[in-house]
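Everything in the sequence shown is counted per the UniProt record's numbering, starting at 1 for the first residue and increasing by one.
Okay, structure first, notes after.
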Amino acid sequence: QAWIGGIRAGSVASYGNHVKASCRWIAFNAEAAGVLGIVPLECEDGGKRTVSQLCCHSDVVTDFDFSPFDQLLLATGSADETVKVWRLPKSGQDMPAGAGLTLGPGEGPVDVLQFHPTADGVLASGAGKRVTVWDVGQQQPLTALDSHGDQLQSLAWKRDGRLLGTSCKDKKLRIFDPRASPAASQ
């Protein structure tokens with residue numbers, strides 16, 4: 001356990017995550033819109049951590065997630081209607097100036113996103129009433145899940161990756177098998 005002080009985090013009104021960690025990095029919403037603060041998980045010489053900034057989007061970063069297969073791969077979603085995938089450095093190097101790839105623009109601000117837990121390169125993102133499951137390598141949507149009655153608030157993959165659960169403002173939980181059908185069990 002460690003306490004990391006002196007970090008100026010932003011206050012963002014969204015349904016997504018505002019702090020996430022991989023085996024190498026901790027990412028958090030910074031004060032400026034569209035910017036994430038990136039801090040190494042391990043202390044540098046002298047017990048200090050240097051905060052780097054990743055300028056991600058032209059609007060607020062609403063959610064982000066590290067890949068479970070590549071701890072240097074970070075996906076970010078934004079109110080600018082895009083999902084971007086970034087390759088972070090191993091350590092001590094400058095943050096990337098541009099995203100490795102951009103998915104979108106979509107049909108509204110990206111509210112939530114999450115990498116698939118067992119399939120490398122599969123990512124789900126939610127915007128408005130729609131969840132899109134992406135093949136990141138091909139930069140193409142695999143399926144769209146449109147049976148939401150109101151604004152999405154969260155999504156989560158089952159640990160084995162077979163099912164995707166969502167919640168939204170209509171107070172219903174929906175379970176999808178994205179491989180079989182875009183229809184939900186409610």
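C-beta: ideal position from N, C-alpha, C; glycine also.
Please read all numbers here as calculations on a predicted model, not as lab measurements.
- The closest CA to that of P109, considering only T118, P117, G126, is found on G126.
- Here DSSP, grouped into helix, strand and coil, assigns K84 to strand.
- C-alpha of T143 to C-alpha of T132: approximately 6 Å in a straight line.
- Sixteen is the threshold: since fewer than 16 other Cβ atoms of the shown chains lie within 10 Å of the Cβ of C43, the residue is exposed.
- Listed in chain order, the non-local C-beta contacts of Q93 below 8 Å within the same chain number zero, local neighbours out to five positions each way being set aside.
- Under the 8 Å Cβ criterion, the region 82 to 97 does not count as touching the region 140 to 156, having fewer than three qualifying pairs.
- For G37, the secondary structure class from DSSP, reduced to helix, strand or coil, is strand.
- Counting every other CB atom within 10 Å of its CB across the protein chains shown gives P105 a total below 16, marking it as exposed.
- For L54, the closest of F69, G100, S67 by C-alpha to C-alpha distance is G100.
- With contacts defined as CB atoms closer than 8 Å, G37 and F28 qualify as a contacting pair.
- Taking the Cα of L103 as reference, the smallest distance to any Cα among P89, R87, R130, V136 is reached at V136.
- No Cβ-Cβ contact shorter than 8 Å links V112 with L164.
- In the DSSP assignment, T50 forms no beta bridge with any residue.
- According to the DSSP assignment, L72 belongs to no beta strand (DSSP E), since it is labelled neither H nor E.
- The residue among P40, V51, S154, L73 with its C-alpha nearest the C-alpha of V122 is L73.
- K171 is classed as exposed because its beta carbon has fewer than 16 other beta carbons within 10 Å across all chains shown.
- C168 and W157 have their C-alpha atoms roughly 15 Å apart.
- Across the structure, D160 and F64 are spaced so that their CA atoms are roughly 21 Å apart.
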